[in-house]
Amino acid sequence: MRNILLDYEGPLRTTMGACFPGERAVFRGHDLHADLKDMDWIALYAFGITGRRYSPEQITVLHALWTYTSYPDPRLWNNRVAALAGSARSTGALGIAAAIAVSEASIYGWQPEFAAADFLVRAHDRINAGESLEAVLQQELLQHRRILGYGRPVATLQVDERIPAILVRMESEKMAQGPYLRLAFDIERELSRMGRRLPINYAAVVVAIPLDLGFSPRECYLFLLPSFMAGMPPCYLEASERPAGATFPLRCSQLRYEGPGRRLWQEE
């Protein structure tokens, strides 16, 4: 049986880029220090993911998608990890890396965002093929029992405060709503008509906008990976300034414990 790994043995072949120390760095076929020297970091990040360039207005809106969800609140599940790392006197790199890692949660964060992007693409294709939105939603609910991007665990019936902010930003940049963003709001209205009290949340909007710019669901996922990060260092720093262990302390007497009673360690 042929070993496919043999085809990749030897020098690494890449179309993404390479570093030539003392000479230049190549980024997707362009000289990083010449061709791309004036590129905004967000623009470079998006270019690295998609291989496409975007207008200044589009980059401003993409940047705002990150800014408007950067909450320095240590009670949030991922920021709590950063704060506890600071409280334990861990390094900033470990604390922030761990906080980013747990951002890939199944209820909050990037897993719902990826699923929301995937559903919007599938729903868009099916509607364009002639199906009704109601039929698409009914099948999705029957199969998965929920529509990711709709409903909000922390405030189910409240408006997600990030959505009006990003819509205002889009308007200020003269950026019209594209088909995926319009579909996202159509889904909210159709769910309401069907008797489902599931208001749209930021996950649907934060992927619909990049989808309208030509991102794939996977590219949306990669682009949004750092979107919570700006809120993490403040949580780490503040916890580091308190006494060690003084972030979210909890005495044992505050716990309702129903397990085995107190035991003493015995040496064999």
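Counting in this note's numbering, the sequence shown runs from 3 upward without gaps.
Quick reminder that beta carbons are idealized off the backbone N, C-alpha and C, glycines included.
Remember, it's a predicted structure, so these values are computed and weren't measured experimentally.
Classification of residue i by the beta-carbon crowding that lies within 10 angstroms, buried from 16 upward
i, result
"TRP267", "exposed"
"GLN60", "buried"
"VAL83", "buried"
"GLU133", "exposed"
"GLU163", "exposed"
"TYR182", "buried"
"PHE116", "buried"
"GLU190", "buried"
"GLY97", "buried"
"MET2", "Given that the chain is displayed from residue 3 to residue 270, the structure contains no residue 2 and the question cannot be resolved."
"ALA131", "exposed"
"PHE250", "exposed"
"ILE1", "The displayed coordinates of the chain run from 3 to 270. Any statement about residue 1 would go beyond what the structure contains."
"ALA248", "exposed"
"LEU7", "exposed"
Euclidean distance between Cα positions of residue i and residue j
i, j, result
"VAL186", "ALA232", "Before going on, a small fix: residue 186 reads as Ala here, not Val. Distance between the alpha carbons of ALA186 and ALA232 is about 27 Å."
"ALA246", "SER89", "5 Å"
"PRO13", "THR93", "35 Å"
"GLN141", "VAL104", "31 Å"
"ARG184", "VAL123", "12 Å"
"ARG55", "HIS65", "14 Å"
"ALA125", "ALA241", "44 Å"
"ALA36", "PRO76", "41 Å"
"VAL28", "ILE102", "28 Å"
"ASN5", "THR17", "23 Å"
"ARG26", "ASP42", "19 Å"
"ILE44", "PRO262", "54 Å"
"ILE149", "ALA100", "28 Å"
"ASP127", "ARG91", "50 Å"
"ARG244", "ALA20", "43 Å"
"ARG258", "ARG264", "14 Å"
"PHE121", "TRP79", "25 Å"
"HIS32", "LEU38", "7 Å"
"LEU143", "ASP40", "47 Å"
"ALA210", "GLU173", "16 Å"
"ASP9", "SER108", "37 Å"
"ILE129", "GLY180", "15 Å"
"ILE168", "GLU11", "47 Å"
"ARG15", "LEU46", "22 Å"
Candidates the options: closest to residue i by CA position
i, options, result
"VAL208", "GLU260, LEU8, GLY111", "GLY111"
"TRP68", "LEU227, LEU239, PHE250", "LEU227"
"PHE230", "ARG4, LEU96, ILE165, TYR73", "TYR73"
"ARG30", "LYS39, GLY97, GLY50", "GLY50"
"THR71", "ALA248, ASN203, GLY263", "ASN203"
"LEU224", "THR16, ASP42, GLU106, ALA27", "GLU106"
"PRO23", "PRO114, MET172, LEU34, ALA131", "LEU34"
"LEU252", "ILE211, LEU86, ILE149, SER194", "LEU86"
"MET177", "LEU38, PRO58, ARG15, LEU139", "PRO58"
"LEU196", "VAL138, PRO235, SER174", "First, the amino acid is wrong: residue 196 is Met here, not Leu. That would be VAL138, whose Cα lies nearest to the Cα of MET196."
"ARG198", "LYS39, ARG147, TYR10", "ARG147"
"ALA95", "TRP79, ARG265, PRO235, GLU260", "PRO235"
Beta-carbon separation (whole angstroms), residue i vs residue j, contact threshold 8 Å
i, j, result
"PHE217", "THR52", "6 Å"
"ALA48", "ALA118", "19 Å between Cβ atoms; not a contact."
"LEU135", "GLU192", "5 Å"
"CYS254", "ASN81", "With a Cβ gap of about 25 Å, CYS254 and ASN81 do not count as contacting."
"TYR152", "LEU200", "4 Å"
"GLN145", "ARG154", "Contact doesn't hold; Cβ gap of about 22 Å is too wide."
Review point. Could you give the uninterrupted runs of the alpha helix (DSSP H) lying entirely in the stretch 206–246, keeping only those of 4 residues or more?
Key: You should have 219–226, 234–243.
**Study point:** Entirely enclosed alpha helix (DSSP H) segments - the stretch 24–92, minimum 4 residues
**Key:** Whole alpha helix (DSSP H) segments, 4+ residues: 43–52, 58–69, 79–89.
Exercise for review: Would you list, in sequence order, the uninterrupted alpha helix (DSSP H) runs of no fewer than 4 residues that lie entirely inside the stretch 109–177?
Suggested key: Within the stretch 109–177, the alpha helix (DSSP H) runs of at least 4 residues that lie entirely inside it are, in chain order, 112–130, 135–146, 164–174.
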